[in-house]
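Student: This is the structure I want to talk about, given as structure tokens.
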Amino acid sequence: MRHDLNLCKRCFINPQTVVFEAWSKPKDCMNYDEAPLQNLDNNELPGRRGAKMDGGNDIPVPKEETGKMADPCYPPAQRMELVFCYESRNNSCVKTIHPLPIRVILYIFLGVMVIMTVCGNLLVTVSIIYFKQLHTPTNYLIVSLAVSDLLLGLVVMLPSMIQVVETCWYFGDILCKVYMSCDVMLCTASILNLSFISVDRYYAVIHPLLYRRKMTVNVVLLMILTSWGVSGVVGFGMVFFKLNILGIEDFYYNFVACEGRCVLFQSGLSSTVSSVLSFYIPGIIMISVYMKIFLVAKKQFLSIQNASCMTSAQISNKKQSKATKTLAVIMGAFLSCWTPFFVCNVMDPFINYSTPAALFETFVW
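Remember, the working numbering sits 373 above the position in the sequence shown when you count from 1.
Structural data, given as structure tokens:
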């Protein structure tokens with residue numbers, strides 16, 4: 374769920390073999406810090422390689438070396454030689470080449486994260502499925518959560534690692550759409566599963582006598598289907614129906630879209646609605662439910678301390694409280710990790726997409 378304009382802030386124009394005796398700054402080069410995106414028209418904003426300007430004509434710029442791209446916004450002595458993801462395509466994205474030691478470190482660090490995510494969630498899933506005594510409504514929800522995180526590691530984190538290190542997407546447009554859809558869907562499914570787990574804990578602690586009657590297997594299966602159904606609609610619906618760029622299609626295709634990058638660019642409306650559905654509503658539900666649980670659990674703990682002996686119901690309730698605290702810690706860590714990303718995701722379109730790409734990548738990982 375990342376939109377990135379950092380690659381579009383210079384004059385990356387299709388090169389022509391032209392030699393200038395004297396250089397003058399092209400009129401299309403401008404200071405983006407002084408010119409907000411919404412105030413620029415199609416003839417003012419240079420885009421990625423191959424973007425058309427000045428009435429649809431390419432601006433001729435000197436080509437200093439074969440296969441290298443010069444930035445016409447700067448004098449020849451100051452130009453950077455650019456490398457593209459696809460050198461033979463006009464609309465290719467710019468490729469950033471990291472030094473080999475940095476690439477090795479990134480692959481090791483991110484690879485360890487992927488392996489830990491996959492192995493940890495696979496262990497949880499297999500354990501609950503294998504041991505029959507763990508076949509409880511709560512654990513069914515935990516399996517659903519583990520499966521969503523397991524798929525996230527395999528389908529999203531693995532290709533994302535390659536794109537982060539290589540700075541290009543080499544798997545094609547269809548797989549890019551599937552990747553972005555799965556990213557949104559699986560992240561949303563994880564958060565919704567956590568919110569349903571909090572509801573399960575609410576009945577287990579607050580209404581223990583009603584728990585078995587309320588939280589039946591059928592009810593839990595309905596919760597799981599709801600979390601995956603809503604997540605699938607939000608993820609695949611937004612990407613394949615192009616709802617993420619609704620209202621900004623011309624700007625996106627003229628100045629943002631390029632071959633070799635797979636990031637989810639979103640309008641202000643899209644980022645707000647998707648973030649509210651995927652994170653803010655489930656997050657508010659979780660916080661409210663766990664606050665209520667902790668208040669009741671605290672009262673029960675004080676009453677147990679004052680009693681001379683504990684009944685079996687009190688002992689059972691105490692165990693439920695411990696399990697709830699463990700899940701609350703997991704929920705708290707999850708929300709703490711995701712909150713910075715979703716705050717930036719909502720704000721970024723309204724601050725002219727000025728959030729650094731590296732900051733977004735850090736929040737996502």
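Ideal Cβ placement from N, Cα and C applies to all residues, glycine included. Because the structure is a prediction, the values reported are computed rather than measured.
1) Does the beta-carbon of Leu582 have 16 or more other beta-carbons within 10 angstroms, so that it is buried, or is it exposed?
2) Going along the chain, which unbroken runs of the beta strand (DSSP E) with 3 or more residues stay wholly within the segment 500-560?
3) For Glu632, which residues does DSSP report across the bridge?
4) Could you give the first and the last residue of the continuous alpha helix (DSSP H) run that contains Ser651?
5) To which residues of the same chain is Leu514 closer than 8 Å at the C-beta, ignoring the five residues directly before and after it?
6) Out of Val612, Val485, Phe707, Tyr584, which one is the CA nearest neighbour of Gly656?
7) Run through DSSP, which three-state label would Phe714 get?
8) Start and end of the alpha helix (DSSP H) containing Glu460?
9) Would you call Glu622 buried or exposed, if buried means 16 or more other Cβ atoms sit within 10 Å of its Cβ?
10) Between the beta-carbon of Arg528 and the beta-carbon of Cys555, is there less than 8 Å?
11) My guess is that Ser644 and Val607 are in contact by the Cβ rule of under 8 Å, so how many angstroms apart are they, rounded?
12) If you draw a straight line from the alpha carbon of Ile618 to that of Cys631, how long is it in whole angstroms?
13) Using a 10 Å radius around the Cβ and a threshold of 16 neighbouring Cβ atoms, would you call Tyr552 buried or exposed?
14) Output yes or no for whether 8 Å exceeds the beta carbon distance between Thr490 and Met534.
15) Measure the CB-CB distance between Val538 and Arg634 and report whether it falls below 8 Å.
16) Output yes if chain B places a C-beta closer than 8 Å to the C-beta of Cys466; else output no.
17) Output needed for Ile470: all residues of its chain with C-beta closer than 7 Å, excluding positions within five of it in sequence on either side, in chain order.
18) Applying the criterion that 16 or more other CB atoms from any shown protein chain within 10 Å of the CB defines a buried residue, is Gln536 buried or exposed?
19) Assign Phe723 to buried or exposed, taking buried as 16 or more other Cβ atoms, counted over all protein chains shown, within 10 Å of its Cβ.
20) Please name the residue, chosen from Glu734, Trp601, Tyr726, that lies closest to Cys710 on a Cα-to-Cα basis.
21) Measure from the alpha carbon of Asn464 to the alpha carbon of each residue in Gly484, Val702, Asn627, Met486, then state which is nearest.
22) What whole-angstrom Cβ distance do Asn494 and Gly526 have, given they're in contact under 8 Å?
23) Identify whether Ala408 lies in helix, strand or coil by the three-state DSSP scheme.
24) From the DSSP output, in three-state form, read off Pro472 for me.
25) Give me, in chain order, the residues of the same chain whose beta-carbon lies closer than 7 Å to that of Gly484; leave out the 5 immediate sequence neighbours on both sides.
26) Out of Cys541, Trp542, Ser563, Leu616, point me to the one whose CA is closest to Leu524's CA.
27) For Trp601 and Phe736, what's the separation of their Cα atoms in angstroms?
28) Helix, strand or coil, according to DSSP, for Gln639 in the structure here?
29) Would you report the Cα separation of Ile660 and Gly705, rounded to the nearest angstrom?
30) Is the CB-CB distance between Cys541 and Cys466 below 8 Å?
31) Measure the alpha-carbon distance for Tyr739 versus Ile579 and round it to whole angstroms.
Tutor: A quick look at the data gives this:
1) exposed
2) Those beta strand (DSSP E) runs which fall completely within the segment 500-560 and span 3+ residues do not exist here.
3) Ser465
4) That residue, Ser651, is in no alpha helix (DSSP H); it is neither H nor E in DSSP.
5) Asn566, Phe569, Ile570, Asp573, Val593, Met596, Ile597
6) Phe707
7) helix
8) That residue, Glu460, is in no alpha helix (DSSP H); it is neither H nor E in DSSP.
9) Classification of Glu622: exposed, given that the 10 Å Cβ count is below 16.
10) First, the residue type needs correcting, since residue 528 is Val and not Arg in the sequence shown. In this structure, Cys555 lies closer than 8 Å to Val528 by Cβ.
11) In fact, because the Cβ distance is near 12 Å, the residues do not count as touching under 8 Å.
12) When rounded, the distance between both Cα atoms is 15 Å.
13) Residue environment: Tyr552 is assigned as buried (16 or more neighbouring CB atoms within 10 Å of its CB, all protein chains considered).
14) Contact flag unset, no.
15) no
16) This model lacks chain B altogether, as it is built from one protein chain only.
17) Val456
18) buried
19) exposed
20) Glu734
21) The residue with the shortest Cα to Cα distance from Asn464 is Asn627.
22) Rounded to whole angstroms, the Cβ separation of Asn494 and Gly526 is 7 Å, and the two are in contact under 8 Å.
23) The predicted position of Ala408 is uncertain, since its pLDDT is 42 and thus under 50; a value taken from the coordinates is nonetheless stated next. Three-state result, Ala408: coil.
24) coil
25) Excluding sequence neighbours, Gly484 sits near Met534.
26) Ser563
27) Looking at the two C-alpha atoms, the distance is approximately 24 Å.
28) coil
29) The alpha-carbon atoms of Ile660 and Gly705 are separated by roughly 9 Å.
30) The answer is yes: Cβ separation under 8 Å.
31) No answer is possible for residue 739: the residues shown for the chain start at 374 and end at 738.
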